[in-house]
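Residue numbers (the working numbering): 2 to 166.
Input: a single structure, listed below in structure tokens.
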Ligand code: NI
């Protein structure tokens, strides 16, 4: 496994919708393993493939519960049902040191395929449901700043670009 440098805003790859995985190859498995390693080393809750420079619909999540510590690998994930709303604070490895309260569905049902190419379905809520929605946004070329009001987004851009100088 290897750590891959995480792309940060405003890298254009983060703004491009990712392509579906047609078939799982050795390369896909290596990508997933490297993404899990990178997520853990960066202490993130999740990571999307475009954050490590690969424009494919692959995301990894760290469930962060006492019961479950195995990473979740989602290939071609789609949210098929969602319920209720909840506002909570979010951050992103591609937006270092930026945190904001974002409204998301509280519960989601997600479908996709797993690393063995088998259909995968997962129902979850709270932290994990939020992480899934965040990673799916990444796969669609969206960042959490796109969930802000236009005024807040504008403020973010000014401050973030100034801090980078
Ligand atoms: Ni993120």
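Even glycine gets a Cβ: it sits at the ideal position worked out from N, Cα and C.
Counting other Cβ atoms within 10 Å of its Cβ, residue 65 stays below 16 and is therefore classed as exposed.
By the criterion of a C-beta distance shorter than 7 Å, residue 77 is surrounded in its chain by 21, 22, 58, 113 and 114, once the five residues flanking it on both sides are discounted.
Per the coordinates, the alpha-carbon of residue 156 lies some 26 Å from the alpha-carbon of residue 46.
Around the beta-carbon of residue 131, 16 or more other beta-carbon atoms lie within 10 Å, marking it buried. Non-local C-beta neighbours of residue 81 in its own chain, meaning closer than 8 Å and more than five positions away in sequence, comprise 110, 111 and 112, ordered along the chain.
With a cut-off of 8 Å, the C-beta of residue 101 is classified as distant from the ligand NI, since no heavy atom of the ligand falls inside that distance.
Contact between residue 105 and residue 119 is absent: CB atoms are separated by about 27 Å, not below the 8 Å threshold.
Counting along the chain, the unbroken beta strand (DSSP E) around residue 90 starts and ends at 73-92.
94 is the residue among 126, 108, 94 and 133 whose C-alpha sits nearest the C-alpha of residue 12. Here the C-alpha atom of residue 99 lies approximately 20 Å from the C-alpha atom of residue 62. Rounded to whole angstroms, the gap between the alpha carbons of residue 75 and residue 34 is 12 Å.
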